[in-house]
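Accompanying notes for the structure given below.
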Amino acid sequence: MWRRGFCAGRRFYSTGIYLGGTSLAATVLIQEKDDRVDGVDVLSKARHITGPLDKTGLKPRLYQYQTCPFCCKVRAFLDYYGFDYHLIEVDPLSRGELKFAPCQKKVPVTTCSCLDKPMTESSLIMSIFSTFLQRKNLSIKDVVELYPPLTQVEAKSGKEVQTFPNKYFIMLEEDYKWNSQIQAAREEREWREWVDNHFIHIISPAIYRTILESLNTFIWFSEAGHWEDNFNYVKRQLAIYVGAVVMYFVSKRLKKKHNIDDARKAMEESLNEWMTALGTSRTFMGGREPNLADIALYGAIQSFVGLDCFEEMKKKTDIEKWYNPMDKLVKERYGSKYLKNRC
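Residue 75 in full-length UniProt numbering sits at position 75 of the sequence shown, with consecutive numbering throughout.
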């Protein structure tokens, strides 16, 4: 998986992928102070994504790697619904930005001004915020309590691990009354799981197939992420060349682990599978408007938009018929009307 593969190479990858990709916001200085689990101060530089209609007072902060598909999912959700939030890039070597959560080894991590614990796991974060938008009688703390963790012991390692069995569920106040609603909710959950457990596994093997392709990918990351503004020449070159080599070998391991023969072909087949399920009568998996499955896939795709892999998929599949309307709504913050109603 992308996150585990990244961690495997991070000691050689001190300045790499986490600044790649594109963003909807410029870098700004954060001076606000509030009482929250990650402290009153943030790094002097962070990206502020403004949400004029967000009156919730949640003030989310997303700790992320810019090109991590799981982080891209959460960003897509926050952007679509028009949240006012801050982005904090995490150093993959030191993880110093996560010192408030020393046991947390993975991103994304999200905090809110009124929570004394961070939220983890991209799908769980999306479900919590989605439930919050629909349950106007509940605070964000109340909503978090609707997603209790389950602690288990791994048979192989003997270590305790936490899972969230209902992380794909939206916890509504009343059960659905109609069979069509039940079917739609089930379909949404199934495709959200498909994005996490199938599609995202294909991304790294599809964009790091050869050393040269991996190098070109990191050169693009450096340009799109404005690395020249954040790293000196030596660190930037180290990030590009060492990062490219590390991720090339990581992608090979992931390809073997998930039995992927031809990664580009596997991605093409996966996108065709999505479009077939979508059919000709729907614009989105959610119907006339996107649901969380749409947002999840859109976010995952954002991790390689701008690369030749994405251009190839546009030529070989009909994904643009879904992607272009989806991209338009996310950039317009179409879902902000629901955020406004919640406020």
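Quick reminder that beta carbons are idealized off the backbone N, C-alpha and C, glycines included.
Report yes if the C-beta distance between residue i and residue j is below 7 Å; otherwise report no.
{"i": "I295", "j": "F77", "result": "yes"}
{"i": "E188", "j": "N272", "result": "no"}
{"i": "A155", "j": "A206", "result": "no"}
{"i": "F83", "j": "G51", "result": "yes"}
{"i": "S113", "j": "R236", "result": "no"}
{"i": "F199", "j": "S270", "result": "yes"}
{"i": "K59", "j": "C343", "result": "no"}
Leaving out five residues on either side along the sequence, give the residues of the same chain with a beta carbon under 8 Å from the beta carbon of residue i.
{"i": "D79", "result": "L24, I49, V330, K331, R333"}
{"i": "E97", "result": "L43, Y63, I88, E89, V90, D91"}
{"i": "V74", "result": "L62, Q64, P108, T110, S122, I125, M126, G299"}
{"i": "F284", "result": "L278, P290, N291, D294, W322, P325, M326"}
{"i": "G39", "result": "F100"}
{"i": "V144", "result": "L115, K117, M119, I128"}
{"i": "M275", "result": "T317, D318, I319, K321, W322"}
Does the beta-carbon of residue i have 16 or more other beta-carbons within 10 angstroms, so that it is buried, or is it exposed?
{"i": "Q183", "result": "exposed"}
{"i": "I211", "result": "exposed"}
{"i": "G21", "result": "Low confidence applies here, because G21 scores a pLDDT of 41, under 50, leaving its location unreliable; read the following figure in that light. Flag for G21 reads buried."}
{"i": "W322", "result": "buried"}
{"i": "S222", "result": "buried"}
{"i": "residue 361", "result": "In this structure the chain extends from 1 to 343, so residue 361 is not present and cannot be described."}
{"i": "G335", "result": "buried"}
{"i": "E160", "result": "exposed"}
{"i": "K106", "result": "buried"}
{"i": "Y81", "result": "buried"}
{"i": "R192", "result": "buried"}
{"i": "R47", "result": "buried"}
{"i": "R186", "result": "exposed"}
Looking only at its chain, what residues have a beta carbon closer than 7 Å to the beta carbon of residue i, apart from the 5 residues adjacent to it on each side?
{"i": "K316", "result": "E268"}
{"i": "residue 353", "result": "Given a span of 1 to 343 for the chain in the structure shown, any question on residue 353 remains unanswerable."}
{"i": "L146", "result": "T131, M171"}
{"i": "E32", "result": "Residue placement at E32 is flagged as unreliable, the pLDDT there being 42, under the threshold of 50; a coordinate-derived value is accordingly withheld."}
{"i": "Q104", "result": "L98, P118, T120"}
{"i": "I140", "result": "L58, C112, C114, L115, F132"}
{"i": "E190", "result": "none"}
{"i": "K340", "result": "L53"}
{"i": "L307", "result": "I207, T217, W220"}
{"i": "K136", "result": "R342"}
{"i": "E312", "result": "R264"}
{"i": "R282", "result": "none"}
{"i": "residue 367", "result": "With the chain covering only 1 through 343, there is no way to say anything about residue 367."}
{"i": "E173", "result": "R135"}
{"i": "A266", "result": "I202, I260"}
{"i": "C72", "result": "G299, A300, Q302, S303"}
I believe residue i touches residue j by the beta-carbon criterion, under 8 Å. Please report the beta-carbon distance rounded to the nearest angstrom.
{"i": "P69", "j": "I203", "result": "6 Å"}
{"i": "A297", "j": "V195", "result": "In the sequence as presented, Ala is not what sits at residue 297; that position holds Leu. About 5 Å separates the two Cβ atoms, so the contact holds."}
To which residues of the same chain is residue i closer than 6 Å at the C-beta, ignoring the five residues directly before and after it?
{"i": "K214", "result": "The sequence as given places Ser at residue 214; Lys does not occur at that position. Same-chain partners within the cutoff: Y208, A244, M247, Y248."}
{"i": "Y176", "result": "I182"}
{"i": "F310", "result": "F304"}
{"i": "L150", "result": "T163, P165"}
{"i": "Y338", "result": "L133"}
Could you tell me whether any non-hydrogen atom of the ligand COA is closer than 6 Å to the CB of residue i?
{"i": "Y80", "result": "Looking for the ligand COA in the displayed structure turns up nothing, as the structure carries no ligands at all."}
Original post:
Would you call the stretch 58 to 65 and the stretch 84 to 101 in contact, with 3 or more CB pairs under 8 Å?
Top reply: yes
**OP:** Spell out a yes or no on whether the stretch 152 to 170 and the stretch 119 to 127 are touching, meaning 3 or more CB-CB pairs, one atom from each, closer than 8 Å.
**Re:** yes
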